[in-house]
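K.L.:
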Amino acid sequence: MKKKLRTKLSKGALYASLILFAGMFQTSCLDEIVPGNYYTFTGETIADYLESRDSIFSDYIFCLKEAGRWGEMSSYGDYTCFAPTNSAFQTVFEQYGVSNIQELAAKIDDLRAAGLYPDLQNDLLDTIALTHLCSHTFYCSDLIDGALPYPNMLDRYLIYTTGELYDISEAGDTVGRDVAYFINKSSRIVQRDDTVQNGVVHIMTDIVSPSNNN
Numbered sequence: 003m004k005k006k007l008r009t010k011l012s013k014g015a016l017y018a019s020l021i022l023f024a025g026m027f028q029t030s031c032l033d034e035i036v037p038g039n040y041y042t043f044t045g046e047t048i049a050d051y052l053e054s055r056d057s058i059f060s061d062y063i064f065c066l067k068e069a070g071r072w073g074e075m076s077s078y079g080d081y082t083c084f085a086p087t088n089s090a091f092q093t094v095f096e097q098y099g100v101s102n103i104q105e106l107a108a109k110i111d112d113l114r115a116a117g118l119y120p121d122l123q124n125d126l127l128d129t130i131a132l133t134h135l136c137s138h139t140f141y142c143s144d145l146i147d148g149a150l151p152y153p154n155m156l157d158r159y160l161i162y163t164t165g166e167l168y169d170i171s172e173a174g175d176t177v178g179r180d181v182a183y184f185i186n187k188s189s190r191i192v193q194r195d196d197t198v199q200n201g202v203v204h205i206m207t208d209i210v211s212p213s214n215n216n
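Under this note's numbering, the first residue of the sequence shown carries the number 3, and numbering increases by one thereafter.
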């Protein structure tokens, strides 16, 4: 009787060990397949792309950091960034009577403190940051004229259109023709479909005007 009891206990311990081992093995496999937030990139992210071209995108980087979105641009995901160049901000600076992005941020704070800022809910820099970001990947090569399939991070739909052919000149000589690409009909994409680890970047010559299409 004691022998049979020892045999049953031995078998039970063996089964328990096998179940524990299987659970550990399954957890290990899941860790490898679903890396989650601790995924380490080996390629260039949107943040890397912008930061390595700081002389071109420093103003937009400032907006992303002010809006608390900079971390997302270096993390796992599928994003589209319609990145405005520093020259695109000049119109905004002129509108507010400032000369750089830091002065613009200070001016907005002063206007808000005085109760003169038109929108106390959405900061202008936040609006710029979110208007140019989408949580889905959009390549121009896959798009047709019309609203993008998903809204931007401001929860507004952007309008994509293609324009007439224009001349590409080099040293005053016409070397070819290409199609013009626009967001919200007025902000032109001058370099498109730059693929990065967590999405795609399109370079814009103008700030994209916020849309009311929700």
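Every residue gets a Cβ at the ideal spot worked out from N, C-alpha and C, and that includes glycine.
Rounding to the nearest angstrom, what Cα-Cα distance links S76 and E166 in this structure?
P.N.:
Answer to the nearest angstrom: the Cα atoms are 35 Å apart.
K.L.:
Find the nearest neighbour of Q92 within the set C83, Q104 and T82, judged by alpha-carbon distance.
P.N.:
Closest option to Q92, Cα to Cα, is Q104.
K.L.:
Please classify A69: does DSSP put it in a helix, a strand, or coil?
P.N.:
In the structure shown, A69 sits in coil (DSSP, three-state: anything other than H, G, I, E or B).
K.L.:
Please give the ranges of any alpha helix (DSSP H) in the region 52-108, keeping only runs that are unbroken, at least 4 residues long and fully inside the region.
P.N.:
Whole alpha helix (DSSP H) segments, 4+ residues: 56-68 and 92-98.
K.L.:
Have a look at V100 and V192 and give me their C-alpha separation to the nearest angstrom.
P.N.:
Approximately 26 Å, taken between the alpha carbons.
K.L.:
Hey, H134 and P86 are a contact pair by Cβ (cut 8 Å); roughly how many whole angstroms apart?
P.N.:
So it is a contact: roughly 6 Å between Cβ atoms.
K.L.:
So, with DSSP's three-state summary, where would you put T197?
P.N.:
Here T197 sits in strand by DSSP.
K.L.:
Based on the DSSP output, what are the partners of C136 in its beta bridges?
P.N.:
In DSSP, C136 forms a bridge with T82 and N154.
K.L.:
Does I130 come out as helix, strand or coil in the three-state DSSP assignment?
P.N.:
Three-state DSSP puts I130 in a helix.
K.L.:
Taking contact to mean at least 3 C-beta pairs separated by less than 8 Å, is the region 108-121 in contact with the region 52-68?
P.N.:
They do not touch, by the three-pair rule.
K.L.:
Using CA coordinates, which residue listed in D144, I185 and L127 is at the minimum distance from I161?
P.N.:
Answer by Cα proximity: I185.
K.L.:
By how many angstroms is the C-alpha of V210 removed from the C-alpha of A149?
P.N.:
Roughly 14 Å separates the two Cα atoms.
K.L.:
On a CA-only basis, which of R158, G73 and G117 is nearest C136? Give me that one, please.
P.N.:
The candidate whose alpha carbon is nearest that of C136 is R158.
K.L.:
Where E97 and L127 are concerned, what is the direct C-alpha to C-alpha distance, given to the nearest angstrom?
P.N.:
Reading off the sequence shown, one finds Gln at residue 97, where the question assumed Glu. Approximately 14 Å between the Cα atoms of the pair.
K.L.:
Which same chain residues end up closer than 6 Å to A156 when comparing Cβ atoms and leaving out the 5 residues on each side of it in sequence?
P.N.:
In the sequence as presented, Ala is not what sits at residue 156; that position holds Leu. Once the five neighbours on either side are set aside, the close Cβ partners of L156 are L132 and T133.
K.L.:
So if DSSP puts I1 in a beta bridge, which residue, or which two residues, is it bridged to?
P.N.:
Residue 1 lies beyond the stretch modelled for the chain, which goes from 3 to 216, so this question has no answer here.
K.L.:
Kindly list the residues whose CB is nearer than 8 Å to the CB of G79, restricted to its own chain and excluding five residues on each side of it in sequence; keep chain order.
P.N.:
Excluding residues within five positions, the ones whose Cβ falls inside 8 Å are S137, N200 and G201.
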